[in-house]
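Residue numbers (the working numbering), protein chains in the order written: chain A, 26 to 670; chain B, 26 to 670. Working notes, structure below.
Number of protein chains: 2
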Amino acid sequence: MITSESGTKTKYMVEFLPAGLKVEVPGGTTVLDAARIAGVVIDSLCGGDGVCGKCRVIVRHGIVRAAATQSLTREEIRQGYVLACEARIDGNVLIDVPTASQVRGKVRDADAVDIRVRESGLLERQRNELDPLVKKHCLRMEPARLENPQSDLNRLYHELAKLNCREESQLGLSVLRRLPGVVRNASGVVTVTSAHRGALTEITDIVSGDSSNPNLAVAVDIGTTSVVAHLIDVATGQSLSSAAKYNSQAVYGGDVLRRIMYCIEQPDGLTQLHTAVIEDINTLIRELLDKVQLSENYITFVVAAGNTTIMHTVMGMNPEWIRREPYVGVSYQPPPFRAAELGIMIHPRGLFYSLPCVSSFIGADITAGVLATGMTQSDEPRMLIDIGTNGEIVIGNKDWMVCASASAGPAFEGAETRDGMRATCGAIDHIRGWSSGQRFSFSTVGNESPCGLCGTAYVDLLAQLLRLQVMDKTGRLNTGNGIARLRKGAEGEPEFVVVKRGERGASRDLVITQSDIANLMRAKAAVYAASKILLTSLGLTMSDLSEIMVAGAFGNFLDLENAVFIGLLPDVPGEKLRFVGNTSLVGAKMAALDRQRYQEARRIANSMTYFELSTDPRFMEAFTSACFFPHTNIEEFPSVMAKVS
Amino acid sequence: MITSESGTKTKYMVEFLPAGLKVEVPGGTTVLDAARIAGVVIDSLCGGDGVCGKCRVIVRHGIVRAAATQSLTREEIRQGYVLACEARIDGNVLIDVPTASQVRGKVRDADAVDIRVRESGLLERQRNELDPLVKKHCLRMEPARLENPQSDLNRLYHELAKLNCREESQLGLSVLRRLPGVVRNASGVVTVTSAHRGALTEITDIVSGDSSNPNLAVAVDIGTTSVVAHLIDVATGQSLSSAAKYNSQAVYGGDVLRRIMYCIEQPDGLTQLHTAVIEDINTLIRELLDKVQLSENYITFVVAAGNTTIMHTVMGMNPEWIRREPYVGVSYQPPPFRAAELGIMIHPRGLFYSLPCVSSFIGADITAGVLATGMTQSDEPRMLIDIGTNGEIVIGNKDWMVCASASAGPAFEGAETRDGMRATCGAIDHIRGWSSGQRFSFSTVGNESPCGLCGTAYVDLLAQLLRLQVMDKTGRLNTGNGIARLRKGAEGEPEFVVVKRGERGASRDLVITQSDIANLMRAKAAVYAASKILLTSLGLTMSDLSEIMVAGAFGNFLDLENAVFIGLLPDVPGEKLRFVGNTSLVGAKMAALDRQRYQEARRIANSMTYFELSTDPRFMEAFTSACFFPHTNIEEFPSVMAKVS
C-alpha cells in the first residue's frame, strides 16, 4: 500500500539491510510501506500510527523526510534512527533494520509447545475411543446382487452404517460421479473420508483400496503475536510435528484493535490481513509436512482457535464492528468451511473448523482453554487467566461459567514501554538478583546480546525495583535514594537503566521509565481488577477457588512469586497456582480428535456468561484499588504482606 | 463425433435441407454424425445402430455410400432415401431431412400440461400452509445492544427461530462475509433465502431490504422423449408459465438403453448426453421466464423427476451399470446439489433437487406419480400404470407398495414399427371409423399431412383391424378376406395400407406390417402381464383394485375403450379407469412446495418393493397368455367378451 504525496512522481530505489532486499517506490512512500512491498517485516505494534516507536530503522545512506518524534533519543537521531512509519523516501536510500525492529526468527521454543504438550489426559484415551471430526473408513463393499440391487451409494451407506456412521450424509457431485468407478476396483475395498458437519456427515472423498492411513489433522492456535500448529495423526491422537512462527499480520499492527483500524482505513486492509495469516498457516503446514515427509493430501482437516478478531481475519469476515459499540462480530460460531475456500493448502476437499468464540473479546482461544482444562467437569470453581493485550478471565465449574475481558493494554507484550519488545531473540526474558556489581543478572532469548525487555522481564524487574526500594508501592521511582542507575531521561522523566550500553554487548542503554511503570501498573491492575469483579459478582473470594490456571506462552515463562509480589496474580497458596501452557492449541487438538469435545466447545461458548467490564462502575473502583504494588488493600496479598513487613 | 475410416483424409461439404445448415467433414463420416456436428437434429431412435429405420433422409445431390437395408422400400431407395446412420459421406452432398425424421416443433399441447394441471387438491391448500424446499424470509434484525451483544449471525438465527426455522443452519463463506454489510442497511430489514438440506438448512442468500417476492421454483419432468417444465410462484403455489420441448438426447438414441450404450461406446458420450439435457432445461427455463418477464435470479431452486437413466445423465453420473446385470445405478436418491454445478442457469446459489428413484428401472417419475396420486393415503389398493418404452406398474395403498417394470419395447413410442413416429407434427394420433369410402377417418398432430403413426393411433388401429376382422385375435392379417388395402409388401410380408399416398397429402403409403403387429402385441402383453404378476404375487385380482390410473402423455390421448379392447389395459368398469396426466411433473411440483412431501417421496422410494420380472418364470407365462387380442383367457375381459360374442 503506497501512500504517495500528490504530485510526487519520481521513483527511488530503497534497499533494506541485513536482508539486502530492494524495491523501487515513488517519493513520499513511508519506509514502512516500502518495507511491506519489499517483503521486509518490520515490527509495527501500532500499525503505523507513529506512537509505539517500535519500527526504528537506521538510514545508512540517502535522504528521508521525518518529523520530530518523542520515541527517539537525541543520540539515536544522531545515529540515523528514524521511525519507519513516519519517515518518507526522498531519494535512493539504504535502510538498516536493527534486530529489535525485526519480526523474525523462531518463536521462543515453548511458544511452539513441545509435542509432549499437556493434554489433560487426552493421550491416555485409547485409539478406538477417538472420534475425530474427519474420519477415514476402509471398508469392503458388498457387490450388488439381483436379489438386492441397491445403488452404489446405498451400498456405501449400508457399510458406513455398520461402522456406526448413521448420520444423514451429503456428498459433492464430483465425489458422487467418481463413485461407480471406485467401488468396482480393488475387489470393492474403498476408503471413505467422512467429515462432521453438525447434523450431517459429508463424504469428502472416496478412493479405491485401503488408503485410510495416514489421516492427518492440523490443530492451530492463531495468536495475535504468534501462530503455533501441530500435525496430528488422527488414528492415534499423537502429534507428529510442531511448528510456530510470528503472525505476519504484525506489520499491520501489534494488537487486534490496530489491525481492525487497518481494515477500516485501508480499502483492501481485510484482504491483506487475511492473506498474511493464511500464508502463515500454509507456511506452518509445509513445515509440519516437511518434518515427516508426507503430502498435504493426507491432511483432511484443520481445527483453529484464536481470538475473535483474528478468527474474523482468518475467515475474511470484516472485524470492523468489533471495535464499535456495541462491539459485535459477524459470527462467533461459523460453520465448517472448505479449507481451500480460505486458501489453506490441505486435501482439496478438506475442511476448516473454527472453535467457537463467546463474544468479541472472549475468543475461541478461551473456549479452547476451558475445554482443555476440563473446567466444565469440576465441582469446585476454578479460574483461568490468559494475560495478553487483553487479560481474559474465566471462572466456573460444571454448573456455571462466567468470563470477562480486561483491556490490559499491550505493556506486557512489548508495546507502550520505552525498551519493550516481543519475546524474540535478544529480548531479556528474566531478571534475577541485583549483583554486588550494581547490576542485574539476566537472561535473553536465544542467549543473544540484549536489545530490549519482554513482558516476563518486566514482571521480574518491577519486583526487583520494589525489593530494592528503587520504586515505591505507588510505582514512583525514588530518584533521591542515590542509586547510580536512576537518572533523568532526555525529556526530564525519571528512568532506571536496566542494562548499560556495552553490558553483555548491548548497543545502547536499556531503561524503564516512569511512564513505562505507569503502563505496566495499569496492565496488571486491569487483570487483577477483572478477576476480582468476576468473583465479587459471584459472591466469591479468591480463597473459594480450588485452582487458578495461567494460560498462554507468557504464563509459561512467568516467575510466579514475582507475579504475585507485584499484584498481577492473586496471592493464593502456591499449590493452587498452575501454568497450563498453550491451552488454545490443546483445546483445538482435543476438539479435532473428538466430535463430542467439538460440540462441548460450542456448548461452552453458548453457556458462558460474559461480563462487560467497560460499562461496570465497580470495575473502575477495583482497578483504582489495584493501581498499587501489590494492591492498596495489602490484606489481599498475605504472603507479600509477610515478606515486606 | 466423427467416425472416420482410416486413411480417409479428404473433407467434403454437407448441406442439410430444409435448415440450410452446412458442415465440412472427412469422407466416411455418417450422415447422422455430420448432422450432429451441423446441429441438425435427426430422429434416431436406435441411436445409430441402423435398426429403427427412423433416420431416413433424402440425398438430393452428391454421393454417399450405403449398404442395403430392409428399412427402406425399393420405391424409397429410388427416390434417394438412405438411413442417415448408415450412409457415409463420399463427396459434397445436399441432404434433405423430411418432416418425419425431424425432432422438431412444439411438443403436443397436452405434453406441456395445461397450467391447470391436475394437482390432487394441492392448490386448495392455503398459502400459509406451504412449506417449500427453499423459502425467502423477510425479517427485521434486532440491532445489537451492549446488554445483548450477539453476533450478526446469531441475531439472524434468532429471528429465523421466531419463524419456526429451527433446524441447524449452514451457510457459505461468501454469504457469511456479506452478512455484516447487509444487516446494517435498510433499518435491519433483510431477506434470507433458506434451503432444505435434510437435517440442515442452508442459508443460500441474504440481501438488504424486502426482496422476498417473487420466490420462484421450476418443477421439471425430464422424460426420455420430452422435457416439460413449470415455473412456480412459491408464495402461492401457482404455476406462472409452462414450457415443453423434445429431449435433445434423442439424437443419441430413442430409448434409455440406446443412450446408455452411447455412453459406454463413446469416450465423451456421457458428457454429450449431460450437456444435451441440461441445455434443454436451460432453454425451457429461459422460455418460462420470457413468458413472465422475470430474471433467472428469482428462481431459487429446481425440482426434477425422470426415469433413473435420465436422472443419471442429468447429474452426470455414469449410467453404464444400469444395463449390466445386476442393473444398479450410482445413486437413486442423490442429495441436493447447487444447480450451477450441473450447469443449470438459475440463482447462482440455487439448488437442484431430484426426486428419488426406486431402482434402475423404477425412476423418480414413478415416485413422483405415487406422490401425486396420493396412493400412500388410500385404504384400498390402487394401481398406477405408466406406458412408455418400459411399462412401469405400481400397486399399493397406505400400508404397502409394490412395483415392477416391464420391457415393453418402444413399439408404442414410434420405434419398431414400419411407419411409426413420435407424436409430433404430422403424426396420425387417432384413427376413427372405417368409412364407406373404404378408408379410415383419422386426425394428425398439428392437423398436418400424415407422415406416420404414433402410439395412440396404433391402439385405435389394432382395435379397428380386430373389429373389421382384417386381423384375427392372434394378430394375423387375414390376407384372404378380399379387403383391398391388405397386400404383400416388398419383402412378401403381409401389410395393411392405413393411408394411401396422396390421401390428405400423404407423400407415401403408410402401412402396418405383420411384424409391426407382433411388436405391438409384445408391448401390450408385457404391460398387461406385469400388472397381472404383481397382483398375483399379492393374492389380488383386478377387481380388488379400487382404481387403475394411467399416467403419462400417452395415457392422456389414449382411447380407453380401444385400449381395453386390445388388452393393453385391464377390463375394469369405466369409472375405475382414470387418466392422471403428467404425474411426474405434478409430483415434482408438490415436493417443491412442501418439505414433508419431499420427504414423503423419499419414504415412498425406500419402502416400495421392487419385483424383478426378468428373472420371474411366472412372468414369461403371463406374457405368453397375453400375446393375444385381448387375451387367451377372454374371461379376464368381460366387457370385450360381451361385445364380440
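Glycine included, every Cβ here is placed at the ideal spot set by N, Cα and C.
Of the residues assessed, residue 92(A) falls on the exposed side of the cut-off, its CB having fewer than 16 other CB atoms within 10 angstroms.
The Cβ atoms of residue 626(B) and residue 244(B) lie no closer than 8 angstroms to each other. Chain-order list of chain A residues neighbouring residue 362(B): 198, by C-beta distance under 7 angstroms.
Following the DSSP letters along the chain, one finds residue 195(A) inside the beta strand (DSSP E) bounded by residues 193-196.
When secondary structure is reduced to three states using DSSP, residue 657(A) falls in the coil class, being assigned neither helix nor strand. Neighbours of residue 385(A) across chain B, judged by C-beta separation under 9 angstroms: 174, 176. Within the same chain, 273, 274 come within 6 angstroms of residue 301(A) by CB-CB distance, once the 5 residues on both sides are set aside.
Put simply, the CB of residue 352(A) is near chain B, with a gap under 8 angstroms to one of its CB atoms.
If you look at residue 669(B), you'll find it in the alpha helix (DSSP H) that goes 663-669. According to DSSP, residue pairing for residue 51(A) in a beta bridge involves 36(A). Closest in C-alpha terms to residue 57(B), from the list 96(B), 49(B), 112(B), comes 112(B). Residues of the same chain with a CB within less than 8 angstroms of the CB of residue 307(B), apart from the 5 flanking positions on each side, are 368, 369, 370 in chain order. A direct Cα-to-Cα measurement between residue 338(B) and residue 36(A) gives close to 60 angstroms. In this model, residue 82(B) and residue 123(B) are separated by some 6 angstroms (Cα to Cα). Across the region 217-240 of chain B, CB contacts with chain A closer than 8 angstroms involve 222, 223, 224, 225, in sequence order along the chain. Residue 331(B) and residue 69(B) have their C-alpha atoms spaced approximately 21 angstroms apart.
Here the alpha carbon of residue 646(A) sits roughly 35 angstroms from the alpha carbon of residue 610(A).
Separation of the CB atoms of residue 207(B) and residue 233(B) is rounded to 5 angstroms, and the pair is thereby assigned contact status at 8 angstroms. The Cβ of residue 292(B) sits no closer than 8 angstroms to any Cβ of chain A. Under the 10 Å beta carbon count, residue 622(B) is surrounded by 16 or more other beta carbons and is classified as buried.
Per DSSP, residue 163(A) is not a residue of any alpha helix (DSSP H); the beta strand (DSSP E) it occupies stretches across 159-165. Within the same chain, Cβ atoms closer than 6 angstroms to the Cβ of residue 161(B) are found at 216, 218, 237, 240, the five residues on either side in sequence being excluded. No residue range can be given for residue 356(B), since it is assigned to no alpha helix (DSSP H) and is classified by DSSP as neither H nor E.
Approximately 6 angstroms separates the beta-carbon atoms of residue 66(B) and residue 276(B); this is inside 8 angstroms, confirming the contact.
Residue 169(B) has a beta carbon lying within less than 8 angstroms of a beta carbon in chain A. Within the DSSP bridge table, the entry for residue 415(B) names 432(B) as partners.
As the crow flies, the alpha-carbon of residue 451(A) is around 10 angstroms from that of residue 530(A). When 377(B), 323(B), 95(B), 305(B) are compared, the shortest CA-CA separation from residue 249(B) is found for 305(B).
Nearest CB-CB separation between residue 356(B) and chain A: below the 8 angstroms threshold. The continuous beta strand (DSSP E) containing residue 574(B) extends over residues 572-576. The residue among 386(A), 259(A), 393(A) with its C-alpha nearest the C-alpha of residue 417(A) is 386(A).
Three or more beta-carbon pairs separated by less than 8 angstroms link the region 181-195 of chain B to the region 218-229 of chain B, which places the two stretches in contact. For the region 635-652 of chain B, the beta-carbon criterion of a distance under 8 angstroms to any beta-carbon of chain A is satisfied by 635, 637, 640.
Each residue's CA atom was taken as its position, placing residue 328(A) and residue 263(A) some 15 angstroms apart. For residue 302(A), the uninterrupted alpha helix (DSSP H) segment begins and ends at 294-317. The region 525-559 of chain B contains, as complete beta strand (DSSP E) runs of 3+ residues, the segments 535-538 (chain order).
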